[in-house]
Each structure stands twice: as C-alpha cells, then as structure tokens.
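Chemist:
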Amino acid sequence: MRILLTGAAGFIGSAIRRMAEAEGVEVVGADLMLPAAHGTSEPPPGIHRLDVREPDGWAELLEGVDAVCHQAAMVGAGVTVADLPAYAGHNDLGTAVLLAAMSAAGVDRLVLASSMVVYGEGRYACAEHGDQVPAPRARAALEAGDFENHCSVCGAVLAWALVDEDALLDPRSSYAASKLAQEHYARAWVRQADAAAVALRYHNVYGPGMPRDTPYSGVAAMFRSSLERGEPPRVYEDGAQARDFVHVDDVARANLAALRAVVAADPAHWAAYNVASGSPVTIREVAELVGAGTGSGVAPLVTGQYRLGDVRHIVASPERAARELGFRAAISPAEGLPAFATAPLRA
1 MRILLTGAAG FIGSAIRRMA EAEGVEVVGA DLMLPAAHGT SEPPPGIHRL DVREPDGWAE
61 LLEGVDAVCH QAAMVGAGVT VADLPAYAGH NDLGTAVLLA AMSAAGVDRL VLASSMVVYG
121 EGRYACAEHG DQVPAPRARA ALEAGDFENH CSVCGAVLAW ALVDEDALLD PRSSYAASKL
181 AQEHYARAWV RQADAAAVAL RYHNVYGPGM PRDTPYSGVA AMFRSSLERG EPPRVYEDGA
241 QARDFVHVDD VARANLAALR AVVAADPAHW AAYNVASGSP VTIREVAELV GAGTGSGVAP
301 LVTGQYRLGD VRHIVASPER AARELGFRAA ISPAEGLPAF ATAPLRA
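Be aware that the sequence shown starts at 1, since it is given in the UniProt record's numbering, and climbs by one per residue.
Next up, the structure:
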C-alpha cells in the first residue's frame with residue numbers, strides 16, 4: 001500500500017509514518033508546517049512542504065497513491081475570534097481542495113483526522129427525567145462558578161455518560177465547527193466520487209513530539225510546560241471536567257487499522273469512529289498525573305476561569321472502533337501521562 005500522509009511533520013503524523021513504514025507501507029509525506037505548531041524549522045527529510053489550500057501542489061504527490069491519510073489541520077480551541085478565517089482556510093478549504101485533487105487523480109480512499117469536539121457537549125441524563133441535551137452554558141452561570149449542566153425540568157446536576165458515533169453533532173467552538181465541516185465535505189465527496197472514507201474522532205491526543213509553549217498545543221503539553229518553568233499547571237473551571245486522553249502511538253495504530261479498512265471497503269462507504277483510551281480522567285487528574293511524572297511535587301492551580309467554547313464533559317465510547325476496526329488503545333492515561341512528563345517535545 002502507498003499512502004499520502006498530510007500533516008506528516010506533526011507529532012501525530014510522525015507516529016503514523018513511523019508505524020506505517022515499519023509495516024511495509026510506502027509513505028509520501030506532506031505538510032504546511034504552521035509556525036504556531038512547528039516553529040520555523042524546515043521539513044524533516046522525505047516530507048514535502050505545500051500549502052494545503054493551493055490546488056497546484058497536490059497532483060504530483062497523489063501519483064500512484066492508494067489512499068490519503070489526512071492529518072493536516074490547525075488545532076486548538078481558538079484563542080480569539082480572529083482565528084476563525086484560519087480554521088476555515090486551513091481545515092475546511094484545505095480539505096475541499098485535497099478532495100477535488102484526489103478525484104482528479106483517481107484516488108478514492110481517505111482516512112480523515114476528525115475530533116470528538118464535533119459532538120459539542122457530551123451525553124447527559126437526569127436521574128428523574130432521563131436523557132437531556134443541554135444548551136450552551138450561560139456566561140452568567142460560568143461567572144458565578146456554576147460549571148455544570150442542569151436538568152431543564154428540575155434543575156438537578158446532570159450526570160455524564162459515554163457518547164457513541166450516532167450522537168448529535170453540535171460543535172461549540174470555531175475549531176469544532178471546522179472539524180465538522182471537514183466531515184461534511186468528506187461525506188459529500190464519498191457520494192459524489194463513489195469513494196470511501198473513514199473519519200477518526202480523536203479525543204485529547206498527547207505524546208512525544210508535541211509542540212511546547214503554544215495555546216494551539218494540547219492541554220497535557222501546556223501543563224508540562226508550566227511544570228518545566230516551575231509553575232503550577234493552571235486548570236480551568238473546577239478541574240472536574242471529564243475527558244479522555246489517548247496516546248499518540250494508539251492514534252497511529254487506529255489510523256493504520258482505518259487505512260486497511262478503507263482500502264478494502266466498497267465504494268460509497270462512510271464511517272466515523274471514536275479514538276479514545278477508554279479510561280476517562282478529569283482535567284485536574286491530568287495535571288496531577290503529568291506532575292507526578294516530573295517528580296516536582298508542584299500541585300495544579302484550579303483557577304475557576306473558563307472559556308466560552310469549552311464544554312463540561314465529553315467522553316466517547318471506543319466500542320465501535322474495537323468491534324469494526326479491531327482497534328483498542330493499549331496505553332492508559334495512568335501509564336502514559338506520567339511518562340509524557342519527560343518525553344521529548346518539539347521546540
């Protein structure tokens with residue numbers, strides 16, 4: 001199998017490339033290398049630099065390719081509203097340009113890096129009144145320190161549950177909206193081009209090679225960077241937000257499983273899968289686990305601050321990926337996050 005891997009210089013792309021080549025997969029690597037994530041370094045050997053939004057760069061790279069593994073994207077929660085055009089350009093226009101180029105080149109198999117942020121808030125239920133779909137949390141409640149979602153009938157705090165792939169898609173941030181748009185473009189392309197695609201909805205990915213000291217990095221890397229400066233990791237809200245953190249090596253394994261599945265799939269095939277460790281943690285526990293790995297003894301600082309684009313709890317079920325792709329994560333947060341505390345990062 002010969003694949004085109006976009007985002008190949010990123011920490012997820014690097015892990016996919018390493019594992020794919022170890023399995024005898026021929027990898028053509030390409031990346032834009034945004035300064036916010038990559039600094040000003042040159043592409044590693046064997047990786048082509050291109051602007052994903054420019055159609056002229058794709059044709060040569062797609063020659064002889066069996067499938068595309070599309071990891072290139074601008075990530076993060078969005079620092080300001082001014083980030084909106086960048087998310088729309090890099091993530092959505094870039095994906096649309098790639099899909100058009102794939103169709104022109106006769107390449108009809110795609111694995112797309114999506115995200116759990118497409119769900120917005122997670123799944124909730126009231127003990128008395130059943131399943132609930134909470135509205136976005138009000139600014140006044142967040143200012144008052146009320147971070148929970150409440151039952152629309154009785155006002156009780158809602159309990160969270162695992163989200164499966166058939167859940168409502170309701171993005172709550174600019175980044176989340178761009179990831180859902182990528183999925184919509186890919187799904188439309190599947191129908192129009194008689195192609196096949198798999199979207200992998202990553203949970204919070206961490207591991208060696210993450211960029212340091214940037215708001216567009218993952219929260220685990222931001223916590224670690226704070227600890228390296230001798231500062232306590234700053235935890236938003238009350239730190240009780242439930243999430244799932246999945247190691248980059250497990251994400252790479254999921255991509256290889258998805259590539260094998262999509263290459264063998266019938267035309268017009270579309271599927272989406274959660275990629276998660278299956279071991280939920282709170283954000284405060286993430287900070288504590290990374291701190292334990294440093295041995296610094298610095299406790300996290302729970303700030304009570306909030307971001308309007310954040311959701312309270314989002315933990316998705318990994319069962320469909322296990323059942324249909326044969327993928328189950330091998331590295332739990334309890335094992336991987338302390339080890340991440342001393343793993344190499346990208347400067």
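In this text, a Cβ means the ideal position worked out from N, Cα and C, and glycines have one as well.
1. Would you give the residue range spanned by the alpha helix (DSSP H) that R17 belongs to?
2. Report the start-end ranges of each alpha helix (DSSP H) in the segment 31 to 108 that is 4 residues or longer and not cut off at the edges.
3. Looking at the structure shown, is N255 part of a helix, part of a strand, or coil, going by DSSP?
4. Considering Cα atoms alone, identify which of R191, A287, A176, A186 is closest to Y202.
5. If the criterion is Cβ atoms closer than 8 angstroms, does the pair V163 and R123 meet it?
6. Closest by CA to Q71, which one among H90, P85, A82?
7. Could you tell me how far apart the beta carbons of V246 and V281 are, in whole angstroms, since I believe they sit closer than 8 angstroms?
8. How would you call R253, buried or exposed, if buried means at least 16 neighbouring beta carbons within 10 angstroms?
9. Which value, in whole angstroms, describes the spacing of the CA atoms of G64 and S173?
10. Sorted by chain position, which residues of the same chain lie with C-beta nearer than 7 angstroms to L142's C-beta, five sequence neighbours on each side aside?
11. Per the contact definition of three or more C-beta pairs closer than 8 angstroms, is the segment 300 to 315 in contact with the segment 216 to 235?
12. What are the boundary residues of the beta strand (DSSP E) that includes V205?
13. Touching or not, the segment 84 to 104 and the segment 48 to 65, by the rule of three or more beta carbon pairs under 8 angstroms?
14. Buried or exposed, going by whether 16 or more other CB atoms sit within 10 Å of the CB of D310?
15. Considering Cα atoms alone, identify which of A264, S296, F147, Y273 is closest to D66.
16. Less than 8 angstroms between the CB atoms is what I'm expecting for Y185 and F340, so what's the real figure, rounded?
17. What span of residues does the alpha helix (DSSP H) with G336 cover, start to end?
18. Since T6 sits in a beta bridge, which residues does DSSP pair it with?
19. Per DSSP, which residues does S115 bridge with? Please list them.
20. Using C-beta distances below 8 angstroms, list every residue in its chain close to S326, excluding the 5 sequence neighbours before and after it, in chain order.
21. Around the C-beta of S152, are 16 or more other C-beta atoms found within 10 angstroms, so that it is buried, or is it exposed?
22. Are the CB atoms of L93 and A197 nearer to each other than 8 angstroms?
23. Whole angstroms is fine: what's the gap from A287's alpha carbon to R224's?
24. Taking DSSP as the reference, what is the three-state secondary structure of V163?
25. Assign G209 to one of three DSSP states: helix, strand, or coil.
26. Classify H129 as helix, strand or coil using the three-state DSSP reduction.
27. Which first and last residues belong to the alpha helix (DSSP H) in which F223 is found?
28. In this structure, what does DSSP give as the bridge partners for T282?
29. Should T80 go down as buried or exposed, given a rule of 16 or more other Cβ atoms within 10 Å for buried?
30. Are the C-beta of V311 and some C-beta of chain C separated by less than 8 angstroms?
31. Take G291 and list the residues in its own chain whose beta-carbon comes closer than 8 angstroms to its own, dropping the five residues that flank it on each side.
32. Among P208, S332, A86, R109, which has the Cα closest to the Cα of D266?
33. Could you name the residues that DSSP lists as bridge partners for R234?
34. Taking the alpha carbon of S317 as the point to measure from, which residue in L5, V107, G293, D166 has its own alpha carbon closest?
Modeler: Per the coordinate set shown:
1. As a working mapping, residue 17 is identified with position 17 in the sequence shown. Its alpha helix (DSSP H) spans residues 11 to 22.
2. 35 to 38, 84 to 87, 94 to 105
3. On the sequence shown, residue 255 is found 255 positions in, with the first residue counted as 1. Correct three-state label for N255: helix.
4. Counting from 1 along the sequence shown, the entry for residue 202 is found at position 202. It is A176.
5. Taking the first residue of the sequence shown as 1, we reach residue 163 at position 163. Taking the first residue of the sequence shown as 1, we reach residue 123 at position 123. Yes, these two residues count as a Cβ contact at 8 angstroms.
6. Walking along the sequence shown from the start, residue 71 turns up at place 71. If we check each option's Cα against that of Q71, H90 comes out closest.
7. On the sequence shown, residue 246 is found 246 positions in, with the first residue counted as 1. On the sequence shown, residue 281 is found 281 positions in, with the first residue counted as 1. So it is not a contact: roughly 11 angstroms between Cβ atoms.
8. Position 253 of the sequence shown holds residue 253. Classification of R253: buried, given that the 10 Å Cβ count is 16 or more.
9. Translated into positions along the sequence shown, residue 64 becomes position 64. Translated into positions along the sequence shown, residue 173 becomes position 173. C-alpha separation (whole angstroms): 37 angstroms.
10. Your numbering for residue 142 matches position 142 in the sequence shown. Once the five neighbours on either side are set aside, the close Cβ partners of L142 are Y306.
11. yes
12. The residue you call residue 205 lines up with position 205 of the sequence shown. Note, V205: beta strand (DSSP E), 204 to 206.
13. yes
14. Against the sequence shown, residue 310 aligns to sequence position 310. Per the 10 Å Cβ criterion, buried.
15. The residue labelled residue 66 in the question sits at position 66 within the sequence shown. The shortest C-alpha separation from D66 is found at A264.
16. In the sequence shown, counting from the first residue as 1, residue 185 sits at position 185. In the sequence shown, counting from the first residue as 1, residue 340 sits at position 340. Incorrect: roughly 33 angstroms between the Cβ atoms, too far for contact.
17. For the purposes of this step, residue 336 is identified with residue 336 of the sequence shown, where counting begins at 1. Segment 333 to 340, the alpha helix (DSSP H) holding G336.
18. For the purposes of this step, residue 6 is taken as the residue at position 6 of the sequence shown. In DSSP, T6 forms a bridge with A30, H70.
19. As a position in the sequence shown, residue 115 is number 115, starting the count at 1. S115 is bridged to Y202.
20. Translated into positions along the sequence shown, residue 326 becomes position 326. First, the residue type needs correcting, since residue 326 is Gly and not Ser in the sequence shown. So the qualifying residues of the chain are A257.
21. What you label residue 152 is simply residue 152 of the sequence shown in a count that begins at 1. Label assigned to S152: exposed.
22. For the purposes of this step, residue 93 is taken as the residue at position 93 of the sequence shown. For the purposes of this step, residue 197 is taken as the residue at position 197 of the sequence shown. No.
23. Counted from its first residue, the sequence shown places residue 287 at position 287. Counted from its first residue, the sequence shown places residue 224 at position 224. If I take the Cα positions, the gap works out to 8 angstroms.
24. The residue given as residue 163 occupies position 163 in the sequence shown. Note: V163 maps to strand in three-state DSSP.
25. One-based indexing of the sequence shown puts residue 209 at position 209. Reduced to three states, the DSSP call for G209 is coil.
26. For the purposes of this step, residue 129 is taken as the residue at position 129 of the sequence shown. H129 falls in the coil class under three-state DSSP.
27. As a first step, residue 223 must be located in the sequence shown, where it is residue number 223. Per DSSP, F223 belongs to the alpha helix (DSSP H) from 219 to 228.
28. One-based indexing of the sequence shown puts residue 282 at position 282. Answer by DSSP bridge pairing, in chain order: A242.
29. Residue 80 sits at position 80 when you count from the first residue of the sequence shown. Exposed, by the Cβ-count rule.
30. Absent here is chain C; the protein component of the structure consists of one chain.
31. Reading the sequence shown from its first residue, position 291 is the one you call residue 291. Only F223, L227, P233, G297, V298, A299, P300, A341 meet the Cβ criterion.
32. Locating residue 266 in the sequence shown gives position 266, where the first residue counts as 1. Closest by alpha carbon: R109.
33. As a working mapping, residue 234 is identified with position 234 in the sequence shown. DSSP lists L301 as partners of R234.
34. Stepping through the sequence shown from its first residue, residue 317 is reached at position 317. Per the Cα distances, D166.
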